[in-house]
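Going down the list, the sequences are from chains A and B. End of the first sequence sits at 251 in the numbering used here; the numbers just go up one at a time, nothing left out. End of the second sequence sits at 312 in the numbering used here; the numbers just go up one at a time, nothing left out. Every residue, glycine too, gets a C-beta built ideally from N, C-alpha and C.
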Amino acid sequence: MSLRHRINLRRLNKGDPEAFAQLFDWHGEKLFRHIYYRVSNREIAQDLTSQTFLKVWEYIIRLQVREGDSVSGHTVKPIENSTAFLYRTARNLIIDYYRSKKFEAVTLTEEMEEVLAGSDDTIRGIDHQFNIRRIVQAMSVLKEQDQELVLMRYVNELSMKDVIAITGLNENTIAIRLHRALRTLRQTIEKQEPLL
Amino acid sequence: MQFFERDNSDILHQLRSLERVKPDGAWTRSTRAQLFALAEYEGLAAPRHPFLFSKMVLAPALVVLAVVMIIGGSVAFAAQSAKPDDLLYPVKLATEKIQETIAPTQRAKLELQQKFVERRYQELAVLKYELTLEGRDVDEIKKAISRNKKAAESLLIKMETAVPDSSLGGLLVFDGVLATSTLVASTATTSTTTAAIINLKAEGVDVATAVILERIDAQIKEHRDLLEEVSMLTNEIPTGTTTMTTATSTPTSTPVGIIPIITVPEQATTTTVVASSVTSTSTPAVTAPQNPSITIQTETTTNSTAETN
Numbered sequence: 056m057s058l059r060h061r062i063n064l065r066r067l068n069k070g071d072p073e074a075f076a077q078l079f080d081w082h083g084e085k086l087f088r089h090i091y092y093r094v095s096n097r098e099i100a101q102d103l104t105s106q107t108f109l110k111v112w113e114y115i116i117r118l119q120v121r122e123g124d125s126v127s128g129h130t131v132k133p134i135e136n137s138t139a140f141l142y143r144t145a146r147n148l149i150i151d152y153y154r155s156k157k158f159e160a161v162t163l164t165e166e167m168e169e170v171l172a173g174s175d176d177t178i179r180g181i182d183h184q185f186n187i188r189r190i191v192q193a194m195s196v197l198k199e200q201d202q203e204l205v206l207m208r209y210v211n212e213l214s215m216k217d218v219i220a221i222t223g224l225n226e227n228t229i230a231i232r233l234h235r236a237l238r239t240l241r242q243t244i245e246k247q248e249p250l251l
Numbered sequence: 004m005q006f007f008e009r010d011n012s013d014i015l016h017q018l019r020s021l022e023r024v025k026p027d028g029a030w031t032r033s034t035r036a037q038l039f040a041l042a043e044y045e046g047l048a049a050p051r052h053p054f055l056f057s058k059m060v061l062a063p064a065l066v067v068l069a070v071v072m073i074i075g076g077s078v079a080f081a082a083q084s085a086k087p088d089d090l091l092y093p094v095k096l097a098t099e100k101i102q103e104t105i106a107p108t109q110r111a112k113l114e115l116q117q118k119f120v121e122r123r124y125q126e127l128a129v130l131k132y133e134l135t136l137e138g139r140d141v142d143e144i145k146k147a148i149s150r151n152k153k154a155a156e157s158l159l160i161k162m163e164t165a166v167p168d169s170s171l172g173g174l175l176v177f178d179g180v181l182a183t184s185t186l187v188a189s190t191a192t193t194s195t196t197t198a199a200i201i202n203l204k205a206e207g208v209d210v211a212t213a214v215i216l217e218r219i220d221a222q223i224k225e226h227r228d229l230l231e232e233v234s235m236l237t238n239e240i241p242t243g244t245t246t247m248t249t250a251t252s253t254p255t256s257t258p259v260g261i262i263p264i265i266t267v268p269e270q271a272t273t274t275t276v277v278a279s280s281v282t283s284t285s286t287p288a289v290t291a292p293q294n295p296s297i298t299i300q301t302e303t304t305t306n307s308t309a310e311t312n
């Protein structure tokens with residue numbers, strides 16, 4: 056963690072609104088992306104991203120009032136890694152979302168078609184569209200947990216430390232899973248190519 | 004980078020293109036604004052300490068705070084009229100110190116210090132007057148004088164060492180004129196005052212600052228003179244209670260007029276009146292009062308006795 060991030064974390068734990076806004080600037084977009092590739096819906100992803108930040112803020116407020124107390128089996132203590140805290144919170148919200156009734160199965164590829172048709176400025180180039188379509192299709196082959204790992208490590212480029220903190224897995228396990236995931240992606244893409 | 008990542012760099016490159024999917028710009032902006040507004044609102048209201056601000060403690064604490072503020076406020080208010088020999092005198096000094104500390108500019112600070120030195124004058128003048136009265140505890144008055152001296156000294160030192168800053172430079176010419184007229188009027192003729200004002204108008208703000216500083220210097224000198232005079236007086240009077248001669252021999256002269264306006268201390272006058280009534284009615288049980296509050300009570304008693312007589 057850089058000095059900047061450490062200072063921000065310290066301020067965040069004290070309930071500093073500016074530190075919180077800074078956290079959004081650093082992670083808002085990435086977190087949206089992470090959630091988006093999991094829930095396959097832009098609006099829901101935006102909604103879950105906002106909710107994630109709200110949850111984090113709620114925790115910070117609780118920390119000011121009840122530091123050291125035990126709330127539903129967990130001790131309220133200062134956040135040690137804000138990135139990990141955010142992604143873990145998002146993960147719980149995604150799980151809740153999947154469990155809820157409102158969930159309608161939309162595959163990532165279907166949603167992607169929509170997004171690509173809507174054509175964001177950033178993904179207008181044909182090559183980019185081609186790349187994205189291809190890799191998203193390949194991703195859907197992966198197990199959910201591996202998808203999450205790939206998104207964190209290779210799309211949002213989180214540090215190994217953060218990924219460990221988020222998933223609770225050890226470094227070797229993560230490396231093995233990533234290795235397998237990349238191999239699967241390669242095989243899937245290679246199989247796709249003659250069709251395209 | 005791990006070995007398998009090197010082998011799959013093309014895949015990694017493709018994966019990175021997923022980064023291009025972004026939330027709507029409008030959503031990002033509005034969400035950030037909303038989150039910040041919420042955090043600012045709650046962050047400001049957020050209790051800083053788990054114990055002090057828990058709900059169970061907060062309500063009683065507020066009540067206690069209110070009581071303390073009311074009592075503290077009344078005490079501080081009552082202390083404003085405290086004399087150096089009063090119990091509340093330190094409270095008065097403390098209140099002044101707080102006012103000084105929170106003064107926003109150097110100028111405001113100086114103005115307050117001037118005001119407080121003026122107060123020290125008046126206190127000292129009253130003490131000096133009391134020294135000449137019969138039946139007063141000279142030791143007590145001497146102690147009060149040294150308390151007053153200490154307070155005044157610290158103010159004078161602060162004023163002497165005050166560095167005029169931009170806030171002083173920003174004084175209005177009008178203020179300077181007022182200052183000069185007050186200063187000059189006490190020492191010089193009207194024509195010089197007018198001349199000084201004209202000069203001021205011509206030279207502007209910096210002169211005004213100079214005049215303020217000059218006035219302060221004069222004030223400092225005046226106070227030092229008075230202090231010296233009082234210490235000489237206290238040395239002349241032996242310790243213990245001043246002996247009562249006759250009530251009529253109470254000095255009628257007002258304090259030496261170093262300060263332009265000195266209100267004749269009310270309580271001291273009362274003492275004189277009561278002392279004379281006491282002697283004239285020859286009430287044996289009543290002795291000359293040492294405490295102003297007792298003085299007033301005694302006065303009423305003697306007055307009513309006089310009426311019934």
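Contacts around residue i, its chain only, beta-carbon distance under 7 Å, and the 5 residues preceding and following it disregarded
i: residue 67(A); result: 74, 75, 78, 115, 134 and 137
i: residue 122(B); result: none
i: residue 161(B); result: 116
i: residue 154(B); result: 96 and 123
i: residue 239(A); result: 196 and 197
i: residue 64(A); result: 134 and 137
i: residue 226(A); result: 215 and 219
i: residue 140(A); result: 111 and 134
i: residue 105(B); result: none
i: residue 18(B); result: none
i: residue 143(A); result: 221
i: residue 107(A); result: 86, 141, 144, 145 and 148
i: residue 124(A); result: 131
Cutoff 8 Å; reference residue i; Cβ partners in own chain excluding five residues on either side
i: residue 42(A); result: As shown, chain A starts at 56 and ends at 251. That puts residue 42(A) outside it, with no answer to give.
i: residue 86(B); result: 92, 126, 129, 130 and 147
i: residue 78(B); result: 91 and 94
Residue burial classification, residue i (beta-carbon count within 10 angstroms, cutoff 16)
i: residue 194(A); result: buried
i: residue 80(B); result: exposed
i: residue 313(B); result: No answer is possible for residue 313(B): the residues shown for chain B start at 4 and end at 312.
i: residue 256(A); result: Residue 256(A) falls outside the range modelled here, since chain A spans only 56 to 251, and no answer is possible.
i: residue 4(B); result: exposed
i: residue 69(B); result: exposed
i: residue 218(A); result: buried
i: residue 6(B); result: exposed
i: residue 101(A); result: buried
i: residue 108(B); result: exposed
i: residue 52(B); result: The predicted model places residue 52(B) with a pLDDT of 46, which falls under 50 and marks its position as unreliable, so this point remains unresolved.
i: residue 119(A); result: buried
i: residue 24(B); result: buried
i: residue 206(B); result: For residue 206(B), the predicted structure reports a pLDDT of 49, less than 50, and the residue's modelled location is therefore unreliable. A value from the coordinates is still provided. Looking at its Cβ environment, which holds fewer than 16 other Cβ atoms inside 10 Å, residue 206(B) is exposed.
i: residue 40(B); result: exposed
i: residue 127(A); result: exposed
i: residue 1(B); result: Look at the range of chain B in this structure, 4 to 312, and you will see that residue 1(B) is not part of it.
i: residue 42(B); result: buried
i: residue 221(A); result: buried
i: residue 159(B); result: buried
i: residue 206(A); result: buried
i: residue 224(B); result: exposed
i: residue 236(A); result: buried
Sheet register partners of residue i (DSSP bridge)
i: residue 129(A); result: 126(A)
Neighbourhood of residue i by C-beta distance below 6 Å, restricted to the same chain and skipping five residues each side
i: residue 149(A); result: 93
i: residue 99(B); result: 119
i: residue 130(A); result: none
Just by C-beta distance, which residues in the stretch 209 to 228 of chain A are closer than 9 Å to chain B? 209, 210, 211 and 212
When Cβ atoms are compared, which residues of the stretch 13 to 34 of chain B fall closer than 8 Å to chain A? 14, 15, 17, 18, 19, 20, 21, 22, 23, 24, 25, 26, 27, 30, 31 and 34
When the Cβ atoms of the stretch 83 to 97 of chain A are set against those of the stretch 206 to 218 of chain A, are three or more pairs found closer than 8 Å? yes
Counting beta carbon pairs with one atom in the stretch 123 to 131 of chain B and one in the stretch 139 to 151 of chain B, are three or more of them shorter than 8 Å? yes
Please list, in chain order, the residues of the stretch 228 to 245 of chain A that have any C-beta partner in chain B closer than 8 Å. 230, 233, 234, 237, 238, 240, 241 and 244
Please list, in chain order, the residues of the stretch 120 to 137 of chain B that have any C-beta partner in chain A closer than 8 Å. none
By the 8 Å beta-carbon criterion, what residues does the stretch 76 to 95 of chain A contribute toward chain B? 76, 79, 80, 83, 84, 87, 88, 91 and 92
Can you pull out the residues from the stretch 101 to 112 of chain A whose beta carbon lies closer than 8 Å to at least one beta carbon of chain B? 101, 104, 105, 108, 109 and 112
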